[in-house]
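Residue numbers (the numbering used here): 2 to 210.
All C-beta atoms in this analysis are idealised placements derived from N, C-alpha and C, irrespective of residue type, glycine included.
Nothing here was measured: the structure is a model prediction, and the numbers come from that model.
Worksheet: the structure to be examined is printed underneath.
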Amino acid sequence: MTLWLPRGFSAETELEVRRSRFITRLARVDDEDAARAVVGSVRSAYPDARHHCLAFIVDVPDAQPIERSSDDGEPAGTAGMPMMEVLRGSGVSNVVAVVTRYFGGVLLGTGGLVRAYSDAVAGALVGVPLVRPVVRKLVGLEVAAAEAGRVQGALMNRGVDVVDADWGAAVVLTLAVDDADAVLPLVREVVQADVDLVPLGEQVAELAM
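Below, the structure written as structure tokens:
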């Protein structure tokens, strides 16, 4: 099951390992440009740091996720990939982790660096809020203007999500549903007419865990 951070989420945590500081920025991102913008903001916030290592995973509809990582000057394989493995193991996508390191004067060795960067990301993920993306169908329901208020209220009271209303001589209500066929009998009962639902595409809803 894919999980995301909530929209707009961004937080920092800090880990100290043998006097080296590892500052982790964890953020929700929805595309590669947004992920790289977070990396840029971290570099600006800590311009004197030696390393800004990164890993991010971004979902792509009907395709494999985009995954990128960087050791940013650390020994190859000691930072970006360990960070990526932690993100993969968490099940969280649409996420970027940037770990900024301030060297503390004590060499950690390759094994120590792998553990430190892994622990930095794992620690940042502890207790973060998560949402579950759910794809819902958008369908249009046309009703008379005089009936629109009653129909909208009745549908919402019966648990149907009315996400938009286009007012004119007639009113088109946009409903977000899991199964249009399953909800149609309820809609007809509320409208008290043999109406049809017009497909309008899809919407990704984010349900709190």
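Distances from the CA of residue 35 to each of 14, 119, 60 were compared; the closest alpha carbon is that of 60. Between residue 122 and residue 88, the C-beta spacing is below 8 Å.
Leaving aside the five residues that flank residue 17 on each side, the residues in its chain whose CB is nearer than 8 Å to its CB run, in chain order, 23, 105. If you draw a 10 Å sphere on the C-beta of residue 45, you find fewer than 16 other C-beta atoms in it, and that means exposed. Taking a cut-off of 8 Å on C-beta distances, the stretch 72-89 touches the stretch 112-122, as three or more cross pairs fall below it. Shown here, residue 188 sits in a helix according to DSSP, grouped into three states. Residue burial annotation: residue 25 is buried, with at least 16 other C-beta atoms found within 10 angstroms of its C-beta. The three-state secondary structure of residue 8, taken from DSSP, is coil. Per the coordinates, the alpha-carbon of residue 76 lies some 24 Å from the alpha-carbon of residue 42. Taking 8 Å as the cut-off, the beta carbon of residue 98 is found closer than this to the beta carbon of residue 125. Within its own chain, the residues whose Cβ lies closer than 7 Å to the Cβ of residue 19, once the five positions on either side in sequence are excluded, are 105, 107, 109, listed in chain order.
For residue 62 and residue 6, the gap between their C-alpha atoms comes out near 17 Å. Here residue 75 carries a coil assignment [DSSP, helix/strand/coil]. One thing to note: residue 144 has its Cβ no nearer than 8 Å to the Cβ of residue 135.
Rounded to the nearest angstrom, the Cβ distance from residue 137 to residue 177 is 5 Å, consistent with a contact under 8 Å. Residues of the same chain with a CB within less than 6 Å of the CB of residue 27, apart from the 5 flanking positions on each side, are 12, 98, 125 in chain order. Under DSSP, residue 27 takes part in a beta bridge, and its partners are 12, 98.
The residues 189, in chain order, have a CB closer than 8 Å to that of residue 195 in the same chain once the five nearest residues on each side in sequence are set aside. For residue 146 against residue 171, the beta-carbon gap comes to about 6 Å, under 8 Å, which counts as contact. DSSP, reduced to helix, strand and coil, places residue 175 within a strand of the structure shown. For residue 47, the secondary structure class from DSSP, reduced to helix, strand or coil, is coil.
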